[in-house]
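Numbering (this note's numbering), first residue to last: 121 to 184.
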């Protein structure tokens, strides 16, 4: 499975487990799933700190 698909699945798991608010990551899930955005598009200086924390956590979980 590629990294993008794993990210989407892990973000969806985090929503189901109430680890993160759906509103925070729905745009990411939709963009990655539809191929309209890449993960790098969400790592910007204007990204909310909480969003960056979630993305970092997901990346770490996938690497394990």
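Where is the CB? At the ideal position from N, CA and C, for every residue including glycine.
Item: Are residue 132 and residue 149 closer than 8 Å when you measure CB to CB?; Value: yes
Item: Would you kindly work out how many angstroms separate the C-alpha atoms of residue 136 and residue 165, rounded to a whole number?; Value: 28 Å
Item: Could you please give the first and the last residue of the uninterrupted alpha helix (DSSP H) stretch that includes residue 179?; Value: 169 to 183
Item: Do the CB positions of residue 151 and residue 161 come within less than 8 Å of each other?; Value: yes
Item: Excluding the 5 residues preceding and the 5 following residue 128 in the sequence, name in chain order all residues of the same chain whose CB lies nearer than 6 Å to its CB.; Value: 149, 152, 153
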